[in-house]
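Residue numbers (the numbering used here), protein chains in the order written: chain Z, 1 to 309; chain P, 1001 to 1461.
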């Protein structure tokens, strides 16, 4: 690791850089005169007898070369380039990034900020805010929740009224800001194979799905003792824990006996990442309003009228 | 006695300033006509309006390029490619027929040099006066003349820079911003940059741009052949050259009176009598100059003229020379050029002012919704490239029971684009699991023929 810690390599790089630049100047000086009496061609010959005359170039051309040498020396004084020397301007990549971010925030910040003080319910009905929210949604959310917010298997649908963690503006904002971690423990070992199946059939019965009534009857007490702590005695879920409502026809991880059985037996860890580190509060506010509007049935940014109207 | 030879030769030499003498004549008139033509278009074009907007505006910030009634988007870059191909082929064609026509008549370097030389001549006087003025030590009159010249040059250069920037930012707004000294930093930079380039290139660099900097000047000699019209000194007729005297017997002399006018008028400082040289930009000043002299000495015109290598070697008549212009090479260039121009014109005429990109959601492949129906989600980027507000109807076909869930109409302002999420649904069992080809159609309501079809896929799992 000495090459990363020793000062020697800094000097080595700096020295080679400077020597090369100066050598360019010396080389240029040497090459700008030639002995008289030689043939006035470059010495290159093509197609047997085509040769190129070595006529003088304009003098300003040589000055341009010297100018590049002067430029590179000035550059190396002002900017980092010689080993660990930092340059007199104190320029850094990180500094430039921060500066540009600052400039961008100063320019675009007010666009987001003007909605920050308005309540979500109001922002959700604003067409301009909705257009911005849609763009944010497409950039940050659509990969999992789909471009229309309709979700997919494992990724909740945001356009219905069914919420794992609550659909109030505050709850949505908390989900986006801090993320969510939905955990269901694997219960296969505790319930046993038959017990798991019985519970699955009881769960099926909660939403009125087809089920085996004997298994359902056997599963009910198991459900009450094992599952009700999170999903509630009536299976209607608990948004404080992110426990889904089992009594509706919405199945995040698939419907039917097999899917439920697997869920019961193996459990689930489902994560929504936190966005507070890379989205400003004002952007999260707009995003919250957009997501809220999806479930409220406004279609502002879609700009689309219902068919036939 | 030995001649003292310098021991070494400098490979970077100071320039010798060229003082081209003014010429008048048939070709000079043509050149001025083209100066007026090109500059009227350039300086005037920016001020034209069309439908309450600037007629020619390249709005880089909004990625919209307005040319008269057309609005180009970055997606139309193919038309730029076609334009460049047309330019290149025209260059091939013109160069094959008559050499460096572009350099001599239409190149901005030639045109602005011509304008700047005219200013110089108006202020400092003809060639002799300019040479004398430059030799003189500085005196009040010289300082005044030079100041006036540079002031005039700078004024023209700044106006040129302003006009140039006026094609990228609305010129009327730019004008009022300039008057209020409130032009943006980039606009100011580009006005000054382009102004400086004009001033430097047309005032100071002049022929050096052509001889040292321009790549086209060098590679066009590859497009010459023995039937290409180039500016030629007829050595058979002219040599041996020499000045006339009334008493002496001049019969052994050729028509060239060795007056040196052809060298004095040359903007690149060459002697055309040495044959075709790479510095020759084909400006024809030497033809006009020589014809004038021939008229005065009573010899026929055309000692220096447009001619070809074959014409000189085989003593072809002008008619025969021109007939050779229609050789296969020229005909091939011309027909390819004509085909591309016609194709581009048809393409522009038939252009549909609507663009649609379909992007299928990648992560969420297919989802099951109420009733076991399968749903796929797409983003449709709809771009209304017309300048009028329009409503578009979206439809999709390719699978039984395929339908759009939700709204299928979208309204767009003129030259606006919008991303619309579209959900497509099929009934359970409508098709086998797998990938199915489908097609979106987006059509403008109330505008016949404004329709775009885009292919995509629907996935069932």
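By construction, the Cβ of each residue, glycine as well, lies at the ideal position given by its N, Cα and C atoms.
By the Cβ test, the segment 1093-1110 of chain P is not in contact with the segment 1365-1379 of chain P, since fewer than three Cβ pairs between them sit closer than 8 Å.
When CB distances to chain P are screened at a threshold of 9 Å, the residues of the segment 142-159 of chain Z falling below it are 142, 143, 144, 145, 146, 147, 148, 149, 150, 151, 152, 153, 155, 157, in chain order. Residue 202/Z counts as buried, since no fewer than 16 other beta carbons sit within 10 angstroms of its beta carbon.
Here the alpha carbons of residue 1376/P and residue 1457/P stand approximately 9 Å from one another. Residue 266/Z carries a helical assignment under DSSP once its states are collapsed to helix, strand and coil.
Per DSSP, the unbroken beta strand (DSSP E) holding residue 1417/P starts and ends at 1416-1426. Cβ contact annotation for residue 1242/P (same chain, cutoff 7 Å, sequence separation greater than five): 1253, 1258, in chain order.
Not flagged as an interface residue toward chain P: residue 210/Z, since no C-beta distance is shorter than 8 Å.
Cβ proximity to chain Z below 9 Å picks out nothing from the segment 1217-1249 of chain P. Scanning the segment 1020-1089 of chain P for uninterrupted beta strand (DSSP E) segments of 3 residues or longer gives 1056-1059, 1064-1067, 1070-1072, listed from N- to C-terminal end. Cβ-Cβ distances below 8 Å link residue 1163/P to 1042, 1043, 1046, 1171 in the same chain, with the five nearest sequence neighbours on each side left out; the list follows chain order. Secondary structure at residue 1394/P: strand, using DSSP grouped into helix, strand and coil. Partner residues in the beta bridge of residue 1380/P, as assigned by DSSP, are 1358/P, 1420/P. Secondary structure within the segment 1194-1241 of chain P: the alpha helix (DSSP H) runs of 4 or more consecutive residues, fully enclosed, are 1215-1219, 1235-1238 (chain order). DSSP places residue 290/Z in no beta strand (DSSP E) but in the uninterrupted alpha helix (DSSP H) bounded by 281-296. About 7 Å separates the CB atoms of residue 80/Z and residue 91/Z; that is less than 8 Å, so the two are in contact. Counting only Cβ-Cβ distances below 9 Å, residue 1011/P has contacts in chain Z at 31, 32, 33, 34, 54, 55, 56, 57, 62, in chain order. In this structure, DSSP gives residue 1389/P a state outside helix and strand, which the three-state scheme calls coil.
According to DSSP, residue pairing for residue 21/Z in a beta bridge does not occur. If you check the CB distance, residue 1404/P and residue 1431/P do not come in under 8 Å. Apart from sequence neighbours up to five positions away, the residues of its chain that approach residue 1209/P with a beta-carbon distance below 8 Å are 1109, 1201, ordered along the chain. For residue 1337/P, no beta strand (DSSP E) encloses it; the enclosing alpha helix (DSSP H) starts and ends at 1328-1349.
Between residue 85/Z and residue 280/Z a beta carbon distance of about 36 Å is seen, past the 8 Å cut, so the two are scored as non-contacting. Closest in C-alpha terms to residue 117/Z, from the list 285/Z, 272/Z, 189/Z, comes 285/Z. Residues of the same chain with a CB within less than 8 Å of the CB of residue 1035/P, apart from the 5 flanking positions on each side, are 1111, 1114, 1115 in chain order.
Distances from the CA of residue 1438/P to each of 1417/P, 1449/P, 1455/P were compared; the closest alpha carbon is that of 1455/P.
For the pair residue 45/Z and residue 53/Z, the Cα-to-Cα distance works out to about 10 Å. The segment 1339-1351 of chain P makes no contact with the segment 1316-1331 of chain P: fewer than 3 CB pairs, one atom from each, lie closer than 8 Å. In its chain, beyond the 5 residues on either side, 1308, 1309, 1310 have a beta carbon closer than 7 Å to the beta carbon of residue 1226/P. When C-beta atoms of the segment 148-158 of chain Z are compared with those of the segment 248-266 of chain Z, three or more pairs fall below 8 Å, so the two segments count as touching. For residue 1089/P and residue 1156/P, the gap between their C-alpha atoms comes out near 32 Å. Using a Cβ-Cβ cut-off of 7 Å, residue 1383/P is close to nothing in chain Z; its nearest Cβ partner there is about 14 Å away.
At the C-beta level, residue 1135/P and residue 1019/P stay beyond 8 Å of one another. In the structure shown, the three-state DSSP call for residue 35/Z is strand. When DSSP states are grouped into helix, strand and coil, residue 137/Z belongs to the helix group. Proximity of residue 1367/P to chain Z, defined by a Cβ-Cβ separation below 8 Å, is satisfied.
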